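Encoded as structure tokens, the structure appears first; notes follow it.
Numbering (the numbering used here), first residue to last: 2 to 353.
Set out below in structure tokens:
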């Protein structure tokens with residue numbers, strides 16, 4: 002699971018944005034913009050003092066000196082020749098005290114100060130007797146704890162090498178330990194030099210300018226596409242009423258066509274009136290005659306007289322063309338003929 006620091010870090014945000022834009026550029030251009038990353042390292046071992054050049058992940062040995070009596074003038078000469086961005090004083094890992102610690106999460110704001118207060122409890126030394134640094138290993142927000150690593154070197158070990166460098170105007174930028182963390186620096190904050198301030202400022206201005214140009218080159222096509230999209234949307238809005246009218250007309254036409262098809266199907270499903278009249282003539286008994294036959298849609302109203310009108314419902318229901326037969330009004334007796342006068346309603350066509 003990705004763990005994020007809830008506090009914004011301006012430097013980290015700038016570095017993330019810068020690295021993202023630099024990734025668009027060719028490697029040679031990225032190296033030119035980044036400037037020199039060369040370090041001159043004074044690496045101390047058991048019996049030697051080795052001068053190293055470290056640059057772009059590559060290490061090259063320059064010279065070996067006697068640790069007991071290093072030729073500091075040779076170091077100064079190499080410094081003038083190499084013109085490194087940083088001078089690093091590196092001690093063997095065996096001379097450093099490295100301890101993992103668990104601190105309250107709130108201690109992160111003043112991590113070095115908190116470690117300095119606790120130094121005499123954590124080590125045999127006081128904060129003034131060591132050069133030290135603290136690195137965050139893990140943040141545990143749920144437990145409100147901070148896992149860190151303390152690295153310390155006694156001043157008695159550091160001063161014999163630090164003082165000669167300062168006397169020759171070569172104060173180290175970094176004091177670290179062989180095999181330590183890449184960002185480890187045991188120098189107190191107030192003793193860290195700002196070498197090449199104006200040069201770095203110039204490089205920062207150049208890099209910012211280049212990054213702005215890269216950002217402009219990346220954003221311009223997007224901006225142009227956005228402008229084209231907006232223009233297209235405006236034109237679409239202008240055409241929308243006409244399109245809506247065309248859709249409405251199409252819907253009306255579809256409904257009219259569907260209505261005409263439905264009427265045509267319905268008309269085809271209904272028998273012709275002459276066929277209906279022929280059917281009634283064939284099924285009605287001889288003692289029955291019709292006075293009126295009225296057809297409305299798929300309904301037929303049958304009015305007439307019969308010797309036994311109540312039997313007509315079953316007779317008409319047996320027809321192939323009529324169904325759903327029912328009386329529309331009570332049967333009456335016509336005194337003139339002594340017949341039952343009836344008024345029936347039937348649906349034309351067979352029941353589904």
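Cβ atoms here follow ideal geometry from the backbone N, Cα and C, with glycine treated the same way.
For clarity, every value in this text was computed on a predicted model and none was experimentally measured.
Span separating the alpha-carbon of residue i from that of residue j
{"i": "residue 124", "j": "residue 79", "result": "37 Å"}
{"i": "residue 350", "j": "residue 308", "result": "27 Å"}
{"i": "residue 173", "j": "residue 186", "result": "10 Å"}
{"i": "residue 170", "j": "residue 218", "result": "45 Å"}
{"i": "residue 198", "j": "residue 142", "result": "Low confidence applies to residue 198: its pLDDT is 49, below 50, so where it sits in the model is not reliable, and the reading given next is rough at best. So the alpha carbons of these two residues sit roughly 38 Å apart."}
{"i": "residue 97", "j": "residue 212", "result": "41 Å"}
{"i": "residue 77", "j": "residue 132", "result": "23 Å"}
{"i": "residue 108", "j": "residue 60", "result": "36 Å"}
{"i": "residue 48", "j": "residue 66", "result": "9 Å"}
{"i": "residue 111", "j": "residue 117", "result": "10 Å"}
{"i": "residue 144", "j": "residue 137", "result": "15 Å"}
{"i": "residue 139", "j": "residue 146", "result": "9 Å"}
{"i": "residue 249", "j": "residue 224", "result": "36 Å"}
{"i": "residue 130", "j": "residue 105", "result": "25 Å"}
{"i": "residue 164", "j": "residue 156", "result": "11 Å"}
{"i": "residue 69", "j": "residue 91", "result": "15 Å"}
{"i": "residue 194", "j": "residue 229", "result": "52 Å"}
{"i": "residue 298", "j": "residue 236", "result": "50 Å"}
{"i": "residue 181", "j": "residue 99", "result": "10 Å"}
{"i": "residue 113", "j": "residue 103", "result": "14 Å"}
{"i": "residue 310", "j": "residue 254", "result": "48 Å"}
{"i": "residue 328", "j": "residue 245", "result": "51 Å"}
{"i": "residue 150", "j": "residue 158", "result": "20 Å"}
{"i": "residue 234", "j": "residue 243", "result": "15 Å"}
{"i": "residue 320", "j": "residue 313", "result": "11 Å"}
{"i": "residue 260", "j": "residue 247", "result": "20 Å"}
{"i": "residue 341", "j": "residue 300", "result": "23 Å"}
{"i": "residue 17", "j": "residue 220", "result": "18 Å"}
{"i": "residue 43", "j": "residue 226", "result": "55 Å"}
{"i": "residue 162", "j": "residue 73", "result": "9 Å"}
{"i": "residue 4", "j": "residue 239", "result": "Low confidence applies to residue 4: its pLDDT is 44, below 50, so where it sits in the model is not reliable, and the reading given next is rough at best. Going from the Cα of residue 4 to the Cα of residue 239 covers about 49 Å."}
{"i": "residue 262", "j": "residue 252", "result": "15 Å"}
Nearest-angstrom beta carbon gap, residue j and residue i [assumed within contact, 8 Å]
{"i": "residue 188", "j": "residue 175", "result": "7 Å"}
{"i": "residue 302", "j": "residue 295", "result": "4 Å"}
{"i": "residue 45", "j": "residue 54", "result": "Not a contact, Cβ separation roughly 16 Å."}
{"i": "residue 347", "j": "residue 330", "result": "Not a contact, Cβ separation roughly 14 Å."}
Cut-off 8 Å between Cβ atoms - residues of its own chain near residue i, not counting five sequence neighbours on either side
{"i": "residue 338", "result": "306"}
{"i": "residue 93", "result": "45, 46, 47, 178, 179"}
Where residue i falls, given that 16 or more other Cβ within 10 Å makes a residue buried
{"i": "residue 134", "result": "buried"}
{"i": "residue 222", "result": "exposed"}
{"i": "residue 283", "result": "exposed"}
{"i": "residue 166", "result": "buried"}
{"i": "residue 183", "result": "exposed"}
{"i": "residue 152", "result": "buried"}
{"i": "residue 334", "result": "exposed"}
{"i": "residue 231", "result": "exposed"}
{"i": "residue 317", "result": "buried"}
{"i": "residue 82", "result": "exposed"}
{"i": "residue 210", "result": "exposed"}
Nonlocal neighbours in the same chain, by C-beta distance under 6 Å from residue i, ignoring five residues either side
{"i": "residue 304", "result": "292, 293, 344"}
{"i": "residue 64", "result": "52"}
{"i": "residue 241", "result": "none"}
{"i": "residue 75", "result": "none"}
{"i": "residue 336", "result": "none"}
{"i": "residue 71", "result": "50"}
Sequence-distant residues of the same chain with beta carbon closer than 7 Å to residue i, five excluded per side
{"i": "residue 122", "result": "none"}
{"i": "residue 127", "result": "120, 121"}
{"i": "residue 88", "result": "41, 80, 171, 173, 174"}
{"i": "residue 38", "result": "56, 57, 86"}
{"i": "residue 115", "result": "104, 108"}
Bridge-paired residues (DSSP) for residue i
{"i": "residue 65", "result": "51"}
{"i": "residue 349", "result": "323"}
{"i": "residue 73", "result": "None; residue 73 has no bridge partner."}
{"i": "residue 103", "result": "148"}
{"i": "residue 300", "result": "297, 348"}
{"i": "residue 177", "result": "91"}
{"i": "residue 1", "result": "Lying outside 2 to 353, the shown extent of the chain, residue 1 is not represented and no answer is given."}
{"i": "residue 340", "result": "335"}
{"i": "residue 252", "result": "Answer is none; residue 252 lacks a bridge partner."}
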